[in-house]
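*Asks:*
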Amino acid sequence: MIEVAVLHEEGWPGTDWEFLAQQAVSAAIAHSPYAAFATDATLYEVAVKLTDDDEVHQLNRAYREKDKPTNVLSFPMVQEDLLEVTANTDDGEVLLGDIVLAEGVCAAEAAEKGISVADHATHLIVHGTFHLLGYDHMDDNEAEAMEALEIRALLSLGLADPYGDRDNG
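First residue of the sequence shown? That's 58 in this note's numbering, and the numbers climb one at a time after it.
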């Protein structure tokens with residue numbers, strides 16, 4: 058079973074962020090090797106914080122040594138090699154981790170892409186969820202594999218391929 062807790066601060070447009078985040082996290086997990094998390098008796102928890110650029114800037118500087126805001130940060134709480142045995146938890150609950158989005162960066166990127174903030178935030182939450190599941194994009198092969206999963210998850214939600222505007226030549 059998957060539970061998503063959402064904390065959203067002022068500045069984010071009015072939408073049902075709890076529903077959107079639940080859908081995004083669930084779609085990502087459903088399109089991963091961990092799809093069984095959705096039906097397991099174990100409760101898998103993800104926290105999503107929708108905040109401002111200043112907070113994300115501080116987190117990015119503290120945890121990634123990058124002195125600027127970014128669109129999304131993920132903080133996995135389970136090591137990748139332990140994801141397979143999470144059902145062995147003592148209390149039946151597993152905190153997969155936290156996902157933090159920056160409103161200003163998200164809004165600017167959405168405007169640049171000509172899409173709604175909600176649709177772009179959905180993509181970023183899907184992206185962040187894959188990071189919580191051990192995926193990364195440090196090299197081209199990892200990036201392509203992660204992007205393919207993101208695209209499938211987003212298509213299942215009725216959203217377009219966010220990478221479709223790339224030059225593949």
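Ideal Cβ positions, reconstructed from N, Cα and C, are used throughout, including at glycine.
Less than 6 Å between C-beta atoms, sequence neighbours within five positions excluded: which residues of the same chain meet that for Ala217?
*Replies:* Cβ within range, chain order: n/a, list empty.
*Asks:* Looking at the structure shown, is Asn225 part of a helix, part of a strand, or coil, going by DSSP?
*Replies:* Low local confidence applies: a pLDDT of 43 at Asn225 is under 50, so the model's placement there is unreliable, with the coordinate-based value given in what follows. In this structure, Asn225 counts as coil in the three-state DSSP scheme.
*Asks:* Just to confirm the assignment, what range does the beta strand (DSSP E) spanning Tyr233 have?
*Replies:* Examination of residue 233 is not possible in this model, given that the chain is present from 58 through 226 alone.
*Asks:* Please name the residue, chosen from Leu100, His114, Glu137, Gln80, that lies closest to Pro90 on a Cα-to-Cα basis.
*Replies:* Glu137
*Asks:* Rounded to a whole number of angstroms, what is the C-alpha to C-alpha distance between Arg209 and Ser83?
*Replies:* 12 Å
*Asks:* By the 10 Å Cβ neighbour count, where 16 or more other Cβ atoms means buried, how is Gly185 classified, buried or exposed?
*Replies:* buried
*Asks:* Once DSSP output is grouped into helix, strand and coil, what is the label at Val174?
*Replies:* helix
*Asks:* Please name the residue in Pro219, Leu211, Leu116 whose C-alpha comes closest to that of Ile86.
*Replies:* Leu211
*Asks:* With H, G and I counted as helix, E and B as strand and the rest as coil, what does DSSP make of Val82?
*Replies:* helix
*Asks:* Tell me which same chain residues have a C-beta within less than 7 Å of the C-beta of Thr127, skipping the five on either side of it?
*Replies:* Within the same chain, Thr127 has close Cβ partners Val113, Asn117, Ala159, Val162.
*Asks:* Once DSSP output is grouped into helix, strand and coil, what is the label at Glu150?
*Replies:* Annotated three-state conformation of Glu150 is strand, per DSSP.
*Asks:* For Ala159, write down the residues that DSSP places opposite it in a beta bridge.
*Replies:* Thr108
*Asks:* Thinking C-alpha only, which one of Ala81, Val61, Leu189, Pro133 is nearest Gly215?
*Replies:* Ala81
*Asks:* Phe76: which of Gly171, Glu204, Val61, Thr108 sits nearest, CA to CA?
*Replies:* Val61
*Asks:* Can you check which of these residues, Glu150, Ile182, Met195, is closest to Leu100 by C-alpha distance?
*Replies:* Glu150
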